[in-house]
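**Q** Can you keep this structure in mind? I'll have questions shortly.
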Amino acid sequence: MLSERLVSELNRQINYELYSAYLYTAMETYFLDRGLEGFANFFKVQTQEELAHARIFFQYIYRKNGRVTLDAIDKPEANFTSILDVFEKALAHEKFVTSRIYKLVDIAIEEREHATNSFLRWFVDEQVEEEESFQGLVDRLNLMGDKPSNLFMIDAELAQRVFTLPAPLAPTGPAQ
50 MLSERLVSEL NRQINYELYS AYLYTAMETY FLDRGLEGFA NFFKVQTQEE LAHARIFFQY
110 IYRKNGRVTL DAIDKPEANF TSILDVFEKA LAHEKFVTSR IYKLVDIAIE EREHATNSFL
170 RWFVDEQVEE EESFQGLVDR LNLMGDKPSN LFMIDAELAQ RVFTLPAPLA PTGPAQ
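Numbering (the numbering used here), first residue to last: 50 to 225.
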């Protein structure tokens, strides 16, 4: 059985994941407003991933006989000054999410909640991937500058990104 503290922190993480989806939707609109469909697609897929992460936490709490409580979601920042600014802010946000996941791992270890620690390993790995992805895009944008031909090349590349259901949500057998 999960402690009240751990359930509270897992519920808080649901809120952070939903906020992340809200933030990435704001970033998607920044690019749609500028006709950069590929960049917008990148953040649309990012939004879908964050909603899936919230669902994974939601399901885990119930699997462990906890109770999900939903809080208000803060309004996301929507004042961006450039393409690079959007990605730098997204990278900073992912680093914050990583710190939250680490906090959950620390609590699970402290409380000797081995099942939750195991559950959180997937998120630790996911955050490595998220930070690497955003850092790579920040580095490329810094290197290539804001020359339109370079931006359109990245835009075309990001337009190819598709959402893949995360492994913890993938069906494992016949529907019940």
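Beta carbons: idealized from backbone N, C-alpha and C, even for Gly.
So the candidates are Thr78, Gln209 and Val56; which of them puts its Cα closest to the Cα of isoleucine 132?
**A** The residue you call residue 132 lines up with position 83 of the sequence shown. Checking every option, the nearest Cα to that of isoleucine 132 belongs to Thr78.
**Q** Whole-angstrom Cβ separation of phenylalanine 21 and phenylalanine 80, contact assumed at under 8 angstroms?
**A** Lying outside 50 to 225, the shown extent of the chain, residue 21 is not represented and no answer is given.
**Q** Round the Cβ separation of arginine 186 and glutamate 58 to the nearest angstrom and send it over; I've been treating them as touching at under 8 angstroms.
**A** Your numbering for residue 186 matches position 137 in the sequence shown. Your numbering for residue 58 matches position 9 in the sequence shown. It should be noted that the sequence gives leucine, not arginine, for residue 186. With a Cβ gap of about 30 angstroms, leucine 186 and glutamate 58 do not count as contacting.
**Q** Alpha carbon to alpha carbon, how far is alanine 208 from serine 25? Give it in angstroms, no decimals.
**A** For residue 25 there is no data in the structure shown, the boundaries of the chain being 50 and 225.
**Q** Given a threshold of 16 other Cβ atoms within 10 Å of its Cβ, counted over all protein chains shown, does methionine 76 qualify as buried or as exposed?
**A** In the sequence shown, the residue the question calls residue 76 occupies position 27. So methionine 76 counts as buried.
**Q** Exposed or buried, which one is isoleucine 158 when buried takes at least 16 other CB atoms within 10 Å?
**A** Position 109 of the sequence shown, counting from 1, holds the residue named residue 158. So isoleucine 158 counts as exposed.
**Q** Are the beta-carbon atoms belonging to glutamate 126 and leucine 72 less than 8 angstroms from one another?
**A** Within the sequence shown, residue 126 is the residue found at index 77, counting from 1. Within the sequence shown, residue 72 is the residue found at index 23, counting from 1. Contact: yes.
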